[in-house]
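S.K.:
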Amino acid sequence: MGRRGSVKTELCKALANFMFDSDDAMVRIDMSEFMEKHSVSRLVGAPPGYVGYEEGGYLTEAVRRRPYSVILFG
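Counting from 1, position 58 in the sequence shown corresponds to residue 58 in the UniProt record's numbering; the numbering is continuous, with no gaps.
1. Within the continuous alpha helix (DSSP H) that includes F20, where are the two ends?
2. Helix, strand or coil: which one does DSSP assign to M26?
3. Quick check on G52: buried or exposed, where buried means 16 or more other Cβ atoms within 10 Å of its Cβ?
4. Compute the Euclidean distance between the alpha carbons of R65 and F34, then round it to the nearest angstrom.
5. Three-state secondary structure (DSSP) at V63?
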């Protein structure tokens with residue numbers, strides 16, 4: 001939805017700085033890695049009963065590690 005390093009990134013950094021007093025309170029997720037239907041489990045984690053259920057996904061683990069952050073889907 002825009003070129004890399006554009007206004008949306010700067011806006012997220014400013015929002016993270018305003019809300020959490022840190023530019024580092026931002027999680028950036030490259031959505032091009034999740035274009036296939038089956039790759040959604042890598043994003044949110046495997047459903048109960050499947051291998052890797054306990055591990056969580058990229059998004060869920062990022063939020064678990066940094067619960068107070070701005071998430072940028074790019």
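Cβ coordinates follow ideal geometry from the N, Cα and C atoms, glycine included.
M.R.: Reading it off the structure:
1. Element bounds for F20: V7 to F20.
2. In the structure shown, M26 sits in a strand (DSSP, three-state: E or B).
3. Exposed, since its Cβ has fewer than 16 Cβ neighbours within 10 Å.
4. Separation of R65 and F34 (C-alpha to C-alpha, rounded to the nearest whole angstrom) is 21 Å.
5. Here V63 carries a helix assignment [DSSP, helix/strand/coil].
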